[in-house]
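Here's the structure, in structure tokens; my notes come after.
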Amino acid sequence: MMEEAAKLIAHSRFLIAFTGAGISAESGIPTFRDKGGLWEKYRVEEVATPEAFRRNPRLVWEFYKMRMRLMKEAKPNRAHLALAELEKMGLLKAVITQNIDNLHREAGNKNVVELHGNIYRVKCTSCAYRENLLDSGRLEEFLEEEGLPKCPECGSLLRPDVVWFGEPLPQEALQKAFKLAERADVCLVIGTSGQVFPAAYVPYIVKENGGYVIEINPRESGITPIADIFLKGFAGETMEHLLA
Ligand code: BV8
Ligand code: ZN
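Going by our numbering, the first residue of the sequence shown is number 2, and it counts up by one from there.
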């Protein structure tokens, strides 16, 4: 299986990767639906929906600031670095990620499509103000602030620039992801339970267009039934074997 997968990748014409929280698990970032995952401590309805934010913005900001603190300490792991290597080799055309942890960019990938936003970006709930706290260098100060973050332009509440349940995905990112999936002859699916839509359509679109799906996951997922090759294992060591 491993050799077959390595061959498919080496001879691919248009390789893409579709990643979820599992690829960042080895960087110390908890996944959502595994044991000890995020949704065990917080109910998603309480922290990742527009209603939750309207009802209790303090709780939602507590949740996202906790994740910002965690993610800013996290480093890309061997799996992220392997994908950056594949892009450098000219094989990997894009990474389509559900993750908001910025680790694919930090690993060196240039062509990254973020379907669910980015934890370091905040946006105003009223005007068009947006800020990437990493680029503006205000992340530390922002995390120190006690009260609810307010827009410097109009004074309204700021929110995380991520996609909550019940919210539409950024149209441009979603269209780009689906076009990439249509063109892909091989799609590496790494570390996703494949339960969240419309993101999880990506591997299905690859299949519908005659592409191959290689899945890397220590356990079966919603994608496994359509995977041509299922490499049961952790992302880091499996990606290293694939590139060996
Ligand atoms: C939408 C926010 C419509 C940012 C996330 C009712 C109303 C509206 C919509 C719905 C509804 N009911 C259902 C829906 C659809 C809903 C949905 O799909 N729900 C599911 C749960 C049934 N989708 C939506 O709501 C989407 N919006 O449909 O809007 C609309 C359209 C037009 C106009 C108005 C409305 C929005 C979905 C986005 C939600 N936001 N995150 C954040 O805080 O992160 S989703 C959340 O789950 C994360 O983003 C995460 O990326 C995503 C998917 O999870 P995974 O990445 O797969 O992670 P998970 O923990 O599940 O799995 C980890 C995997 O890794 C496991 O398989 C594990 O085995 C594996 N693993 C573990 N360790 C390793 C490993 N693999 C490799 N190596 C390891 N070491
Ligand atoms: Zn504003």
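Where a beta carbon is used, it is the ideal one built from N, C-alpha and C, also for glycine. Bear in mind the structure is a predicted one, so any value in this text is a computation, not a measurement.
For residue j and residue i, the rounded distance between their alpha carbons
i	j	result
residue 33	residue 176	25 Å
residue 119	residue 76	16 Å
residue 13	residue 230	15 Å
residue 152	residue 39	28 Å
residue 46	residue 8	43 Å
residue 160	residue 199	22 Å
residue 108	residue 85	6 Å
residue 168	residue 207	24 Å
residue 183	residue 142	42 Å
residue 70	residue 87	29 Å
residue 17	residue 239	17 Å
residue 52	residue 61	10 Å
residue 1	residue 125	This structure leaves residue 1 out entirely; the chain is present only between 2 and 245.
Supposed contact pair residue j and residue i - C-beta distance, whole angstroms, cut 8 Å
i	j	result
residue 217	residue 189	7 Å
residue 181	residue 58	Between residue 58 and residue 181 the Cβ distance is about 35 Å, and since that is not below 8 Å, they are no contact.
residue 178	residue 97	5 Å
residue 193	residue 29	Contact doesn't hold; Cβ gap of about 18 Å is too wide.
residue 307	residue 79	Coverage of the chain is limited to positions 2 through 245, which leaves residue 307 absent and any answer about it impossible.
Residue i beta carbon near the ligand BV8 (any heavy atom closer than 7 Å)
i	result
residue 49	yes
residue 222	yes
residue 32	yes
residue 218	yes
residue 241	no
residue 100	yes
residue 81	no
Residue i, enclosing beta strand (DSSP E) - first and last residue
i	result
residue 94	93-98
residue 33	Here residue 33 belongs to no beta strand (DSSP E), and DSSP marks it neither H nor E.
residue 20	16-20
residue 189	187-191
Residue range of the alpha helix (DSSP H) that includes residue i
i	result
residue 86	79-89
residue 231	Element bounds for residue 231: not the alpha helix (DSSP H) but the beta strand (DSSP E), 230-233.
residue 239	236-244
residue 71	58-74
residue 105	104-108
residue 4	3-11
residue 26	Residue 26 -> no alpha helix (DSSP H), and no H or E assigned at all.
Residue i beta carbon near the ligand ZN (any heavy atom closer than 7 Å)
i	result
residue 130	yes
residue 1	Shown here, the chain extends from 2 to 245; a query on residue 1 therefore has no answer.
residue 155	yes
residue 188	no
Near the ligand COA: residue i beta-carbon under 7 Å from a heavy atom
i	result
residue 194	With respect to the ligand COA, the structure shown offers nothing to examine, as its ligands consist of the ligand BV8 and the ligand ZN.
(message) Which complete beta strand (DSSP E) runs does the region 110-165 hold, if anything under 3 residues is left out?
(response) With a minimum length of 3 residues, the continuous beta strand (DSSP E) runs that stay inside the region 110-165 are 113-115, 118-125, 131-133 and 159-163.
(request) May I have a chain-ordered list of the alpha helix (DSSP H) segments no shorter than 4 residues that lie completely inside the region 197-221? (result) Runs found: 202-209.
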